[in-house]
Structures are given as structure tokens and as C-alpha cells.
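Please read the structure below before turning to the comments.
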Amino acid sequence: MQNDIRYIYDEMCDRCKISFKKIILAIRNDRTKDVNNLALFFCEVNPNTESQDDHGVMPIALINCTNNKYAFFWKTNLLDHNGNPKIPIIDHTVELSQETINKIPLRRRPSTTSLPDDKPTGAKEEPVNVSAPIAPPFIPLEQQNNGSDNVSEQSFSAEIEASNEDNENNNEKDRNDLVVAAEPAGGETVSLVKQMQKNQMMTMRKMVQVINHKFQWKIWTLIVVLVLSLTGFGIGGWQLYRHLNNERTTGGGGNIGDRVNITLLGGDLSRQVITIDNRNNFGDLYNALLSLEVGSKNDGKLEPQLLEAIKDPNTVITFNSDRFQEDQTAYAATIIINADKASKFYGITNIAVQAKSKRIDINRLSKNLTGTEVTITSDNSREILRAVLGNATITGQLSAAQKKLLEDARDLKNRLLLRIDGSVSQGGPATNIDLIVTSNGSDLYKNTAIFNLTVKWP
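At position 429 of the sequence shown the residue is numbered 428 (numbering that gives the first Met the number 0), and the sequence of numbers has no breaks.
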């Protein structure tokens with residue numbers, strides 16, 4: 000297989016030659032690579048073929064120029080075991096499928112997802128920066144028997160070395176479209192890429208050293224300016240926050256002089272009782288406070304101005320009691336009124352009242368009665384309830400509230416639902432079941448109570 004690299008090199012434009020030299024120098028700087036194993040051809044893309052038509056041939060690098068495409072191959076990949084090309088080579092040109100080109104795994108242009116069309120119209124990309132030191136004398140790319148050919152190849156190698164240092168500072172100006180790919184076997188291209196990355200790191204280190212020596216004082220100046228700016232912004236932001244917060248808490252709907260301070264309007268109203276259904280519901284609490292008698296706080300009544308503050312939609316009302324239970328018993332409670340966001344009032348005050356629940360929460364009335372066996376004659380829930388209430392031992396274990404709940408459950412007008420969870424086998428051993436009482440829109444009770452029972456047929 001004749002591969003006249005010199006001929007193809009001469010056909011390249013100046014920018015492509017720069018890319019070519021960088022690839023060659025990167026390979027030479029990796030002593031695990033043999034440049035003699037490298038082949039270079041013109042490349043054409045056939046959109047009508049598939050990757051299997053390329054018989055496993057994969058370029059390790061591709062220079063994509065406006066006029067031509069130049070593909071680099073390892074000979075071990077390009078030739079079969081007899082030394083013959085796996086794909087036709089005509090006029091120093093190989094033809095590859097678009098699919099093969101697209102499978103090149105490593106690309107130097109992140110936005111590139113496939114090889115450009117055969118006739119690209121966009122501007123040329125800059126070549127990949129592959130900074131590499133000048134390597135030892137160049138190994139000829141093709142071993143020729145003719146002595147004059149060897150001299151030509153050595154001068155070609157010298158040309159590559161001589162131009163390397165000159166072109167190193169022009170990498171950013173003279174770029175070309177370059178794609179570097181991994182070789183299908185042997186891992187050689189992976190090392191090539193690592194070498195190219197190593198060279199890039201060396202260039203970066205040199206740049207950092209230049210910055211440290213020439214611009215260190217500028218960096219410190221920028222840091223100082225940044226710190227001072229952040230400090231200034233922080234202080235300014237804090238002052239602005241305090242100003243706005245002060246406006247909100249003291250200004251509300253107007254100046255503080257236009258608003259009424261409710262701090263001294265609270266007092267002891269514990270002779271009055273409010274009824275609430277849900278102490279955590281603002282609407283229930285609000286309606287309960289509206290039921291308070293209005294007058295002088297010295298008479299244990301709600302001050303008229305405090306009532307107006309409660310009616311303000313921006314006033315926050317909170318219920319607080321350590322002993323309160325939902326059993327329709329009155330307990331001491333404190334109502335906290337915060338009018339800082341109200342339009343005509345400001346300040347926080349408390350009033351002491353008596354509070355009781357509108358309905359009894361029967362969750363707390365649940366009871367485990369499995370220690371006493373109940374004899375039943377039916378698996379009907381109401382018959383079982385009758386047997387429970389008829390058992391003196393069971394009723395002796397119930398509180399007054401629990402007993403009243405079970406008695407009320409027998410009357411349908413109280414809107415309490417009864418059901419049994421578990422099954423009872425007639426004639427079988429004693430069984431544990433749950434007698435469940437649930438409020439069904441009852442005016443007296445809410446939620447659910449569960450009584451655990453042990454029952455047995457006679």
C-alpha cells in the first residue's frame with residue numbers, strides 16, 4: 000500500500016498543515032506510539048453506505064477543511080492480516096460512511112455531533128491546541144528503499160519540528176476543523192489523547208505562572224475591591240431591610256400617629272366563656288371572639304377598639320391553653336391578638352377567657368375492654384352494644400363520658416354509626432373484636448372511638 004504523506008501534506012492549506020504537525024508531534028511525544036504505523040489519506044464521505052461497509056476501519060483523527068478532508072489511520076486498523084487495505088484506496092483517497100464518522104467518540108468541538116457536509120459553508124474552526132515540546136529526530140513516515148526519498152522524508156520531519164515552536168503562539172488565530180477519535184483496538188489513541196491533554200496542562204501552567212508574575216497585584220486589587228463591594232452591599236441591604244421592616248411594623252396603613260396602639264386594651268375577661276369547634280381554625284376563633292360582651296375591660300368586657308382591631312383582616316389571632324380538652328368543659332385560655340400588620344392598629348395584647356369545645360372529641364374515649372369476656376347472642380353491632388351495656392363488669396370500667404357515648408349510640412337520632420371490625424364464630428372460642436363508634440354529622444360528638452372487646456357465644 001503506497002501512502003505518499005508528503006504529497007498529501009503539500010496539498011494542504013496552511014491551517015491544515017498546522018493541525019497536521021500538531022497531530023504528528025503529539026504522537027512522537029508519546030514514546031509508546033510508532034509514527035511508522037500511521038497512514039494519511041484524503042477522505043470522502045459516502046452518505047449511501049453504512050458502517051459495516053467500512054469493515055471496521057476507524058480514523059484516529061480527521062482534519063476537516065473547506066476543500067478537502069484528511070483522515071489519519073493506524074495501519075494495523077486499516078490493513079488486513081495479508082497487508083491489503085480493508086477498503087478501496089483510489090488516488091490517495093478513502094471513502095467512509097457518515098455513520099463511521101459519527102462514531103468518532105472524542106470531539107474537540109463540543110457542539111459537533113457529526114461530520115460536516117461534503118461542502119461546508121460555515122467559517123473554519125480553529126485547530127485543537129496540542130502544545131508539545133520539540134521531539135527527537137522524526138522517524139520517517141514511510142520506509143522507502145530509495146536514499147533520496149529518505150532525505151526528503153527527513154527534511155519533511157525537520158520542517159515539522161521547526162514550525163512547531165513558531166506555531167505554538169498562534170494556536171488561537173489559526174484554527175481548523177479537527178476531530179480526534181479513539182482507535183478501535185489497542186488503546187493507542189487513548190494514550191494519544193492523554194498526551195494531548197498533558198500538553199494542554201503544561202500550557203495552562205505556563206499561563207498561570209505568567210499571571211502570577213505579571214498580574215498578581217491586579218488580582219489582589221480585584222479581591223480587595225470585591226470584598227469592599229460585598230461589604231458595602233451587605234451594609235446597605237441591611238439598612239434597607241431595617242427601614243422597610245420598620246415601615247411595615249410601625250407604618251402599616253399609615254403613620255404610627257394615625258394608628259391605635261392595642262397593647263393596653265387587653266385584660267381579664269375570664270368571666271366570659273367562648274365556644275369553639277376547632278381552636279386551630281381562624282374562622283372559628285374569630286366568630287367566638289365576636290360573641291364576647293363589649294364594654295370596659297375593667298368590667299371584664301371586650302374593649303370596643305380591641306374588637307375593631309380583631310375585625311381587621313390583617314390582625315393575627317392565636318389560641319393558647321395548657322389544659323384545654325374538647326369535652327364541652329370550660330377551661331382557662333389566653334387569646335393573643337397581634338395587630339402589627341393592621342391598617343388602623345398596631346401592637347400585641349392578650350385577653351384571658353374561659354373556652355369550651357362545641358362538640359366532644361370521642362377519639363380520647365376509646366377503651367380496651369378485652370380483659371372481660373362478653374357473652375353475645377348475635378353478631379349484629381347493636382346487639383353486641385346491648386350486651387356490653389348489660390355487663391356490669393364492663394360498665395364498671397367505663398367513665399361517665401364513655402358510658403354516655405355508648406348509650407347515645409343506641410339512639411339513631413344522635414347520628415352515631417356503629418360497626419364491628421372482626422368476625423365471631425358461633426360456637427367457637429372467645430374472639431377479640433372492635434366495636435367502632437363514628438360521628439355521622441352529630442351535633443354533640445365528632446371523630447371516632449374504638450372499644451376493644453372479647454366476645455363469645457354461649
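C-beta: ideal position from N, C-alpha, C; glycine also.
In this text the structure is predicted, and so the values were computed from the model without any measurement.
Check R278 in the structure and name its three-state DSSP category.
-> Along the sequence shown, read from residue 1 onward, the residue named residue 278 stands at position 279. Look at R278 here: in three-state DSSP terms it is coil, with no helix or strand label.
So G395 is in the alpha helix (DSSP H); what residue range does that whole segment cover?
-> Along the sequence shown, one-based indexing puts residue 395 at 396. Per DSSP, G395 is one residue of the alpha helix (DSSP H) stretching across A391 to G395.
In DSSP terms, what R418 is bridged to | As a position in the sequence shown, residue 418 is number 419, starting the count at 1. Among the bridge pairs identified by DSSP, R418 is matched with I435.
Just mark I4 as buried or exposed, buried being the case when its beta carbon has 16 or more other beta carbons within 10 Å.
-> Position 5 of the sequence shown, counted from the first residue, corresponds to residue 4. With 16 or more other Cβ atoms within 10 Å, it is buried.
Contact set for I26: own chain, Cβ-Cβ below 7 Å, skip 5 residues either direction | Along the sequence shown, read from residue 1 onward, the residue named residue 26 stands at position 27. Excluding residues within five positions, the ones whose Cβ falls inside 7 Å are K32, V34, L37 and L191.
Enclosing alpha helix (DSSP H) for T262 [first to last residue] = Residue 262 sits at position 263 when you count from the first residue of the sequence shown. T262 -> no alpha helix (DSSP H), and no H or E assigned at all.
Would you list the one or two residues that DSSP bridges to L452?
-> Taking the sequence shown and counting its residues from 1, the one referred to as residue 452 is at position 453. According to DSSP, which records beta bridges pairwise, L452 is partnered with I432.
Can you name the residues that DSSP bridges to E43?
-> As a first step, residue 43 must be located in the sequence shown, where it is residue number 44. According to DSSP, which records beta bridges pairwise, E43 is partnered with E94.
Short check: CB of K85 to CB of V44, under 7 Å?
-> Here residue 85 refers to the residue found at position 86 of the sequence shown. Here residue 44 refers to the residue found at position 45 of the sequence shown. No, Cβ-Cβ distance for K85 and V44 is not below 7 Å.
Top-ranked residue by Cα proximity to R363, from L404, D339 and V207 | Residue 363 sits at position 364 when you count from the first residue of the sequence shown. The candidate whose alpha carbon is nearest that of R363 is L404.
Is the CB-CB distance between A329 and V272 below 7 Å?
-> To locate residue 329, count along the sequence shown from 1; it is residue 330. To locate residue 272, count along the sequence shown from 1; it is residue 273. A contact, by the Cβ cut-off of 7 Å.
Compute the Euclidean distance between the alpha carbons of V209 and R30, then round it to the nearest angstrom.
-> Residue mapping note: residue 209 aligns to position 210 of the sequence shown, counting from 1. Residue mapping note: residue 30 aligns to position 31 of the sequence shown, counting from 1. Rounded to whole angstroms, V209 to R30 spans 30 Å at the Cα level.
What's the gap between the Cα of T65 and the Cα of E98?
-> Translated into positions along the sequence shown, residue 65 becomes position 66. Translated into positions along the sequence shown, residue 98 becomes position 99. Those two C-alpha atoms are separated by around 21 Å.
Taking DSSP as the reference, what is the three-state secondary structure of A184?
-> Residue mapping note: residue 184 aligns to position 185 of the sequence shown, counting from 1. With a pLDDT of only 41 at A184, under 50, the local geometry of the prediction cannot be trusted, and the value read off the model is given with reservation. Reduced to three states, the DSSP call for A184 is coil.
In chain order, what residues of the same chain lie with their CB nearer than 7 Å to the CB of V259, ignoring the 5 residues before and after it?
-> Against the sequence shown, residue 259 aligns to sequence position 260. Correct list, in chain order: Q304, K343 and F344.
Over the uninterrupted alpha helix (DSSP H) stretch that includes E382, give me the two end residues.
-> For the purposes of this step, residue 382 is taken as the residue at position 383 of the sequence shown. For E382, the enclosing alpha helix (DSSP H) has its first and last residue at S380 to L388.
Is the distance from the Cβ of F19 to the Cβ of H91 below 7 Å?
-> As a first step, residue 19 is located in the sequence shown; it is residue number 20 there, counting from the start. As a first step, residue 91 is located in the sequence shown; it is residue number 92 there, counting from the start. Contact flag unset, no.
By the 10 Å Cβ neighbour count, where 16 or more other Cβ atoms means buried, how is W73 classified, buried or exposed?
-> As a working note, residue 73 is residue 74 in the sequence shown. Answer is buried; the Cβ neighbour count reaches 16.
Option in N76, T48 and D53 with minimal Cα separation from I59 | Position 60 of the sequence shown holds residue 59. Ranking N76, T48 and D53 by Cα distance to I59 puts N76 first.
State the start and end residues of the unbroken beta strand (DSSP E) segment that holds N63.
-> For the purposes of this step, residue 63 is taken as residue 64 along the sequence shown, with counting starting at 1. Element bounds for N63: A60 to N63.
Among N431, R204 and S438, which residue has its Cα nearest to the Cα of D410?
-> Numbered from its first residue, the sequence shown carries residue 410 at position 411. Closest by alpha carbon: S438.
Any idea if Y461 is buried or exposed, counting beta-carbon neighbours within 10 angstroms, 16 or more meaning buried?
-> Shown here, the chain extends from 0 to 457; a query on residue 461 therefore has no answer.
Would you decide whether D9 is buried or exposed? Buried here means 16 or more other CB atoms lie within 10 Å of its CB.
-> For the purposes of this step, residue 9 is taken as residue 10 along the sequence shown, with counting starting at 1. Exposed is the call here.
Measure the alpha-carbon distance for E372 versus G421 and round it to whole angstroms.
-> Residue mapping note: residue 372 aligns to position 373 of the sequence shown, counting from 1. Residue mapping note: residue 421 aligns to position 422 of the sequence shown, counting from 1. Here the alpha carbons of G421 and E372 stand approximately 15 Å from one another.
Give the C-beta separation of N451 and L368 to the nearest angstrom, bearing in mind that I take them to be a contact with Cβ-Cβ under 8 Å.
-> The residue you call residue 451 lines up with position 452 of the sequence shown. The residue you call residue 368 lines up with position 369 of the sequence shown. Going by Cβ atoms, the distance from N451 to L368 rounds to 6 Å, so yes, they are a contact pair.
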